[in-house]
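Take a look at the structure below.
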Amino acid sequence: MIILPSRLKNTVIAYMHARSQLSSRGYIVGGNWDYDMGYFDYVLDDSTRTNYLRIPFYACKGSIEDKNGVIRMGNPYLLSGYDKMGLACSLLEEDEQGMPASSIDKGIKLLMQAEEALLGS
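Here it is, written out as structure tokens:
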């Protein structure tokens, strides 16, 4: 796991707005989400292992499926692992070997685009 510094950390935003902005850019709500927390995941590449940019979020008001729900963004990170059941059920076995530089660069660029989409320039 590679933690990325981000302007998104601790940002409070309407869940539906964040979901709309990020899903239009290829993110999905993945990983073991529940009504109090979840992850916006972007699959960076997929070969023998899968590399993700993951942006965690936590419900502040209502639940994440509530059209008026409000979330607080967590600290984004890059994750590399073997996906056993598909991203929606995500039972990742983390790979200890590290992530290719190309995936790290792509993840950083995508995070900057997500920050701009949610927070502006």
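Positions 654 to 774 (our numbering) are the ones given, in order, by the sequence shown. The beta carbon of each residue, even a glycine, is placed where N, CA and C say it ideally should be. This structure is a prediction, so every number in the text was calculated from the model and none was measured.
Would you tell me roughly how many angstroms separate the C-alpha atoms of MET726 and LEU706, rounded to the nearest one?
In a straight line, the C-alpha of MET726 is about 14 Å away from that of LEU706.
Three-state secondary structure (DSSP) of LEU657:
LEU657 falls in the coil class under three-state DSSP.
Would you call ILE724 buried or exposed, if buried means 16 or more other Cβ atoms sit within 10 Å of its Cβ?
With 16 or more other Cβ atoms within 10 Å, it is buried.
ASN663: buried (16+ other C-beta within 10 angstroms of its C-beta) or exposed?
Counting the other Cβ atoms within 10 Å of the Cβ of ASN663 gives fewer than 16, which makes it exposed.
Burial state of ALA671 (16 or more Cβ within 10 Å):
When all chains shown are included, ALA671 counts as buried.
GLY760 - DSSP class collapsed to helix/strand/coil
The answer is helix: DSSP assigns GLY760 an H, G or I state.
Output the residue ranges of the beta strand (DSSP E) runs that lie fully inside the segment 658-739 and measure 3 residues or longer, sorted by chain position.
For the segment 658-739, the full-length beta strand (DSSP E) segments reaching 3 residues or more read 665-667, 681-683, 690-699, 703-714, 723-726, 730-736 along the chain.
So ASP698 packs on GLY683, CB below 8 Å; how close in whole Å?
That pair is no contact at about 15 Å.
Return the Cβ separation of PRO729 and LEU764 in integer angstroms, given the expectation that the two are a contact with Cβ distance under 8 Å.
LEU764 and PRO729 do touch by the CB rule: their CB atoms are close to 6 Å apart, below 8 Å.
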